[in-house]
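Chemist:
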Amino acid sequence: MIELNWLYQTLSKHMGPSGWWPADSKQEIIIGAILVQNTTWKNADLSLQALKNKTNFKPEKILHLTDQELIETIKPSGFYRNKSRTIKLIYQWFNNRDWNFLLQNGETKSQLRKELLNITGIGNETADVYLVYIFDQVEFIPDSYTRRLFKKLGFSHTNRYEDLKCHITLPQEFTYHEAQDFHGLIDEFGKIYLKNDVIFNNSFLAKEIQLSKS
DNA sequence: TTCCCGGACT
DNA sequence: AGTCCAGGAA
Numbered sequence: 003m004i005e006l007n008w009l010y011q012t013l014s015k016h017m018g019p020s021g022w023w024p025a026d027s028k029q030e031i032i033i034g035a036i037l038v039q040n041t042t043w044k045n046a047d048l049s050l051q052a053l054k055n056k057t058n059f060k061p062e063k064i065l066h067l068t069d070q071e072l073i074e075t076i077k078p079s080g081f082y083r084n085k086s087r088t089i090k091l092i093y094q095w096f097n098n099r100d101w102n103f104l105l106q107n108g109e110t111k112s113q114l115r116k117e118l119l120n121i122t123g124i125g126n127e128t129a130d131v132y133l134v135y136i137f138d139q140v141e142f143i144p145d146s147y148t149r150r151l152f153k154k155l156g157f158s159h160t161n162r163y164e165d166l167k168c169h170i171t172l173p174q175e176f177t178y179h180e181a182q183d184f185h186g187l188i189d190e191f192g193k194i195y196l197k198n199d200v201i202f203n204n205s206f207l208a209k210e211i212q213l214s215k216s
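Residues in the first sequence are numbered from 3 upward in steps of one, following the working numbering.
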C-alpha cells in the first residue's frame, strides 16, 4: 500500500510547493472557501474579486451589505442565496471570536470542527479547509480530487468524505505547513492528471508507482 | 436523492 | 443540449 509520506514527497518532487491556499489574507480564504463550493475556481474568483473591490473583506463592510447587494456581487459563482447567507453567518461567528485564528481557552480541534459544522453552509470539507488554512491545524481533507486519487492508489472507503477521513490519518510528523501543501498538491495534480485513465496512467505518479514496485 | 445556480467547455 | 466544477442542506 502507498505510504502517505511517499505520496507527499513524490508529488512535491515533481510539482514543487503548491503555494495553497492562494490569497492575500485569511479573510480572503474564509470567503473564497465558501464561494468555491461546487463551482470552478475561475467562477469563484470572479465573485471573490468583485467582493474584494467592494469591501476589501472588512467585517464592517461585509456585514453592512444588504442581502441583495451581496447576492449581486457574488452571482458568477452560483448558489448565491445559500452562499450570501453563509458569508454573513461566518463573519458574525468570527466577529464573536474577535478574529482570533487560534483555539480558544482549552477548546479542542474536534470541538472547533463541530462548532463550524453548526453554521449553515459550512460542511465537512469547508470546516476542514478552515482548520488547515485558517487555524493552522493538521487535518486530512478528502475532497473529491483526493478521493478519486486514493481510489486509483488502491485505497478503500473512497466513496464518501467522512468515510475516507475515518480511515486515513496524516503522519504524526506532518506540520500544518505540510498539511496545507499536501492538499494543494493533490488538487493541482487532480486538475491535470485525473481527467481520465489514459492521462493518469501517463502521469509521473503512475510511473513512480511502477518504479517503486520493481 | 434532490435542489441550490452560473459559466465554461463539449 | 448536456456536462462538469475546491459542496451543503433538507
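Beta carbons: idealized from backbone N, C-alpha and C, even for Gly.
Within the same chain, show all residues whose beta-carbon is closer than 6 Å to that of Tyr-93, passing over the 5 residues directly before and after it, in chain order.
Modeler: Only Pro-61, Ile-64, Leu-65 meet the Cβ criterion.
Chemist: Does the stretch 133-143 come close enough to the stretch 97-104 that 3 or more CB-CB pairs lie under 8 Å?
Modeler: Contact holds: three or more Cβ-Cβ distances are below 8 Å.
Chemist: Does DSSP put Leu-104 in a helix, a strand or coil?
Modeler: Coil, per DSSP.
Chemist: Which residue marks the beginning of the alpha helix (DSSP H) containing Gln-182, and which one marks its end?
Modeler: Unbroken alpha helix (DSSP H) run through Gln-182: 178-195.
Chemist: Counting along the chain, where does the alpha helix (DSSP H) carrying Glu-71 start and finish?
Modeler: Run containing Glu-71: 69-76, per the alpha helix (DSSP H) assignment.
Chemist: Please give me, in chain order, every unbroken run of the alpha helix (DSSP H) with length at least 4 that falls completely inside the stretch 84-149.
Modeler: Correct list: 111-119, 126-135.
Chemist: Within this structure, are the beta carbons of Thr-128 and Ile-33 separated by less than 8 Å?
Modeler: Not in contact: Thr-128 and Ile-33 (Cβ atoms no closer than 8 Å).
Chemist: Just confirm the distance between the C-beta atoms of Pro-78 and Leu-48, as a whole number of angstroms; I'd bet it's less than 8 Å.
Modeler: Yes, they are in contact, since the Cβ atoms of Pro-78 and Leu-48 sit about 4 Å apart, within 8 Å.
Chemist: Have a look at Thr-88, Thr-148, Ile-188 and flag the residue whose alpha-carbon is nearest the alpha-carbon of Gly-125.
Modeler: If we check each option's Cα against that of Gly-125, Thr-88 comes out closest.
Chemist: Is the distance from the Cβ of Leu-13 to the Cβ of Ile-188 below 8 Å?
Modeler: Yes. Within cutoff.
Chemist: Determine, using beta carbons only, whether Phe-142 and Thr-171 come nearer to each other than 8 Å.
Modeler: In contact: Phe-142 and Thr-171 (Cβ atoms closer than 8 Å).
Chemist: Could you tell me whether the Cβ atoms of Leu-213 and Phe-191 are closer together than 8 Å?
Modeler: Cβ atoms of Leu-213 and Phe-191: not closer than 8 Å.
Chemist: Within a Cβ cutoff of 7 Å, which residues of the same chain sit near Lys-154, ignoring the five residues on either side of it in sequence?
Modeler: Same-chain partners within the cutoff: Phe-202.
Chemist: Round the Cβ separation of Gln-39 and Phe-81 to the nearest angstrom and send it over; I've been treating them as touching at under 8 Å.
Modeler: Sure, about 7 Å apart at Cβ, within 8 Å.
Chemist: Who are the near neighbours of Asp-69 in its chain, counting only those whose CB is closer than 7 Å to its CB and skipping five residues on each side?
Modeler: Ser-86.
Chemist: Tell me whether the beta-carbon of Pro-144 lies closer than 8 Å to the beta-carbon of Tyr-163.
Modeler: Yes. Within cutoff.
Chemist: Using a Cβ-Cβ cutoff of less than 8 Å, which residues in the same chain neighbour Thr-75 once the five nearest sequence positions on both sides are dropped?
Modeler: Ser-49, Ala-52, Leu-53, Lys-56, Leu-67.
Chemist: With distances taken Cα to Cα, identify the nearest neighbour of Leu-196 among Thr-148, Asn-161, Phe-184.
Modeler: Ranking Thr-148, Asn-161, Phe-184 by Cα distance to Leu-196 puts Thr-148 first.
Chemist: In three-state DSSP terms, what is His-16?
Modeler: Helix, per DSSP.
Chemist: For the alpha helix (DSSP H) holding Ala-208, just list the boundary residues, first then last.
Modeler: From DSSP, the alpha helix (DSSP H) with Ala-208 extends over 206-215.
Chemist: What residue does the alpha helix (DSSP H) around Leu-65 start on, and which one ends it?
Modeler: Leu-65 -> alpha helix (DSSP H) spans 61-66.
Chemist: From this set, Met-17, Phe-59, Ile-4, which residue's C-alpha is nearest Asp-26's C-alpha?
Modeler: Taking only the C-alpha atoms, the option nearest Asp-26 is Phe-59.
Chemist: Would you check if the distance between the CB atom of His-185 and the CB atom of Trp-8 is smaller than 8 Å?
Modeler: Contact: no.
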